[in-house]
Amino acid sequence: MGHLPSERVNISGPITITGLDLCGPYLVKYKNQRKGTLNKVYICVCICFSTKAIHLEILSDLTSDALIATLKRFTSRRGRCSKIYADDATNFVGSNSKLKKFYELINFPDENLANYFTSEGIDWNFIPPKSPHFGGLWEAGVKSVKHHLKRTIGNLHFTYEEFETITIQTEGILNSRPLTPLSSDEDNFDVLTPGHFLIGRPISSIPEPFLTDINENRLSRWQKTTKVVQLIWKKWKSDYLNTLQARSKWMAEKDNLMIGKMVLIKDDFLPMNTWFLGRILEVNYGSDGKVKSRQG
1 MGHLPSERVN ISGPITITGL DLCGPYLVKY KNQRKGTLNK VYICVCICFS
51 TKAIHLEILS DLTSDALIAT LKRFTSRRGR CSKIYADDAT NFVGSNSKLK
101 KFYELINFPD ENLANYFTSE GIDWNFIPPK SPHFGGLWEA GVKSVKHHLK
151 RTIGNLHFTY EEFETITIQT EGILNSRPLT PLSSDEDNFD VLTPGHFLIG
201 RPISSIPEPF LTDINENRLS RWQKTTKVVQ LIWKKWKSDY LNTLQARSKW
251 MAEKDNLMIG KMVLIKDDFL PMNTWFLGRI LEVNYGSDGK VKSRQG
């Protein structure tokens, strides 16, 4: 594996250097009607190179004006970017011709878009042609968003406001994941999350009753929105914990679990954006000198 690019390892402020990608389309209604007209929208995924914080914006059109409006919303809420990385148009392989034209627009901007980049001092960079693996950082973010939205929304059609609510709450879920403990003190259970870099504290959610087991026929439209977000939280949390327990072949000796180390404890009944954390107080060793069980 090659070295990480300098933008990933050098110190920089949150969102200063960002990777950008799109996912979609998704179908939404602009009017709360049973047979309302369905319209395509896309999700713009922005990922910070230094903190891996994720920002999601909805695009209703794939034009230069829509991209400028999206970047204005993004920088107004998160701060100005100095560099933005995106896919090269030749890296896009798929049946969606509109997305391909959008990437071509970024690579070869029209006068309106080019003037905006210049006035804002944004340095656009593109990964090498036919090398999508260079964009693995934002591709992973797109996978996290698209995979769980597709599994939970399915064939449901929401209004624009409902879909925007789901998208922003999904952003909060992804930015609530614990990265590392803030202290080695056994009585301190605070952890660093991407949310700390965005708002200075963990991202929390309003406590709501669990609706995942209630039939949709008994739910109002906004309760259905809440149910979708709770399902996204439940599935993403399980997948995230599994990535922390990857079972690969042991190619090198790893450290034993130690007393005082912080751990994540699985709990399926915690509210959204809440993680059950603990400290190891006692360990039991096997005959090989490895930790077999622990108590906390």
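Here the sequence shown is numbered in full-length UniProt numbering, starting from 1 and rising by one per residue. We put the beta carbon where it would ideally sit given N, CA and C, even for glycine.
Going by beta carbon distance, what residues of the same chain come within less than 7 Å of N273, once the five residues before and after it are set aside?
So the list reads G172, I173, S176, I203, S204, S205, once near-sequence residues are dropped.
For a quick check, are the C-beta atoms of V228 and I153 less than 9 Å apart?
Taking the C-beta atoms as reference points, I153 is found nearer than 9 Å to V228.
Are the Cβ atoms of E162 and T225 separated by less than 9 Å?
Yes, they are a contact pair.
Which runs of the alpha helix (DSSP H) at least 4 residues long sit entirely within the segment 171–239? Give them in chain order.
Taken in chain order, the complete alpha helix (DSSP H) segments of 4 residues or longer contained in the segment 171–239 are 194–199.
When you compare each of Y160, N125, Y240, V263 to V145 by their alpha carbons, which one comes out closest?
Among Y160, N125, Y240, V263, the Cα nearest to that of V145 is on Y240.
Where does A66 sit, in a helix, a strand or coil, going by DSSP?
In this structure, A66 counts as helix in the three-state DSSP scheme.
To the nearest angstrom, report how far apart L56 and G286 are at their CA atoms.
When the Cα atoms are used, L56 and G286 turn out to be separated by approximately 47 Å.
Anyone know if the C-beta pair for I54 and P194 falls short of 9 Å?
Yes, they are a contact pair.
Here's a check: name, in chain order, each residue in its chain whose Cβ is nearer than 6 Å to the Cβ of P207, leaving out the five neighbours to either side.
Once the five neighbours on either side are set aside, the close Cβ partners of P207 are P271.
Taking all protein chains shown into account, do 16 or more other C-beta atoms lie within 10 angstroms of the C-beta of L259, making it buried, or fewer, making it exposed?
Before going on, a small fix: residue 259 reads as Ile here, not Leu. That one is exposed.
Please report the distance separating the alpha-carbon of L231 from that of T212.
Whole-angstrom Cα-Cα distance: 7 Å.
Three-way DSSP call (helix, strand, coil) for F126 in this model:
The three-state secondary structure of F126, taken from DSSP, is strand.
Who are the Cβ neighbours of Y26 in its own chain at under 6 Å, not counting the five residues just before and after it?
Contacts found: V41.
Going by other Cβ atoms of all chains shown within 10 Å of its Cβ, with 16 needed for buried, is H157 buried or exposed?
Its Cβ having fewer than 16 others within 10 Å, H157 is exposed.
Look at the Cβ atom of F276, then the Cβ atom of F210, and state whether they are nearer than 9 Å.
Contact: no.
Count the other CB atoms, across all protein chains shown, that sit within 10 Å of the CB of S95; report buried if there are 16 or more and exposed otherwise.
With a pLDDT of 41 at S95, under the threshold of 50, the predicted position of this residue should be treated as unreliable, and no value is reported.
Rounded C-alpha distance that separates N217 from H147
So the alpha carbons of these two residues sit roughly 25 Å apart.
Which value, in whole angstroms, describes the spacing of the CA atoms of T167 and N284?
Separation of T167 and N284 (C-alpha to C-alpha, rounded to the nearest whole angstrom) is 44 Å.
If we count the other Cβ atoms within 10 Å of its Cβ and call it buried at 16 or more, is W233 buried or exposed?
Burial call: buried.
C-beta contact flag for I43 and D87 at 9 Å
In this structure, I43 sits away from D87, with a CB-CB distance that is not shorter than 9 Å.
Taking 9 Å as the cut-off, decide whether the C-beta atoms of Y85 and L20 are in contact.
Yes, the pair counts as a contact, with Cβ atoms nearer than the cut-off.
Neighbour-count burial assignment, W236, 16 or more Cβ in a 10 Å radius:
With 16 or more other Cβ atoms within 10 Å, it is buried.
Assuming the contact rule is C-beta atoms closer than 8 Å, V263 and T159 should be a hit. Round their C-beta distance to whole Å, please.
About 41 Å separates the two Cβ atoms, so there is no contact after all.
V9: buried (16+ other C-beta within 10 angstroms of its C-beta) or exposed?
The residue in question, V9, is exposed, as its Cβ has fewer than 16 Cβ neighbours within 10 Å.
Spatial neighbours of R73 within its chain, please: CB distance less than 8 Å, with the 5 preceding and 5 following residues excluded, ordered by chain position.
The residues are E57.
By a C-beta neighbour count over all protein chains shown, 10 Å radius and 16 as the cutoff for buried, is G79 buried or exposed?
With a 10 Å radius around the Cβ and a threshold of 16 neighbouring Cβ atoms, G79 comes out exposed.
Measure the Cβ-Cβ separation of L113 and I68 and say whether it is below 9 Å.
It is a contact, given that the beta carbons lie within the stated cut-off.
Quick check: what's the CA-CA separation for E164 versus Y30?
Taking the straight line joining both Cα atoms gives about 12 Å.
What's the C-alpha gap between F197 and S184?
Going from the Cα of F197 to the Cα of S184 covers about 20 Å.
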